[in-house]
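So the mapping is simple: the working numbering equals the position in the sequence shown, first residue as 1, plus 4.
Worksheet: one structure, shown below.
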Amino acid sequence: MFLFPEDSSIPIGELVTYAIGLKLLQGVTTVGEARDRVHDLVDGLRKWYLLMDSERNECVKMHVVVRDVAISIATSNE
Numbered sequence: 005m006f007l008f009p010e011d012s013s014i015p016i017g018e019l020v021t022y023a024i025g026l027k028l029l030q031g032v033t034t035v036g037e038a039r040d041r042v043h044d045l046v047d048g049l050r051k052w053y054l055l056m057d058s059e060r061n062e063c064v065k066m067h068v069v070v071r072d073v074a075i076s077i078a079t080s081n082e
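Pasting the structure below:
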C-alpha cells in the first residue's frame, strides 16, 4: 500500500530517484543537483525530528507517528 513498511530504513538514493521521476525538484538539471537538494531536504526534516537517523548508512527512518499522519493525509481524499 505504501512505499516503505513501518520502521524500515529508507535509502536516500531512492528518495532522489523518486524526486527526479516525479519531477518534484524545480530548477534541478542534473542528478548531482537532485542529490544535493534531497540531502538538504532530508537534513531539514531531521532537524524538525520528522525523520530519524537509521542504523544503515545513507538511510533514514520515519517515526511511526509521523508515518501514521502522512498516511492519514494521503488517504483522506479516498
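Glycine is no exception: its CB is placed at the ideal position from the N, C-alpha and C atoms.
Which residues DSSP lists as bridging residue i, in chain order
i: Leu49; result: DSSP lists no partner for Leu49.
i: Asp44; result: The partner list for Asp44 (beta bridge, DSSP) is empty, contrary to what the question assumes.
i: Pro15; result: Cys63
i: Asp57; result: Val64
Residue i vs residue j beta-carbon contact at 9 Å
i: Val64; j: Asp72; result: no
i: Val24; j: Met66; result: One detail in the question is off: residue 24 reads as Ile in this sequence, not Val. Cβ distance not < 9 Å, so Ile24 and Met66 don't count as in contact.
i: Val42; j: Leu19; result: yes
i: Leu54; j: Val70; result: yes
i: Leu29; j: Ala38; result: yes
i: Glu62; j: Gly31; result: no
DSSP three-state assignment for residue i, whether helix, strand or coil
i: Gly36; result: helix
i: Thr79; result: coil
i: Gly25; result: helix
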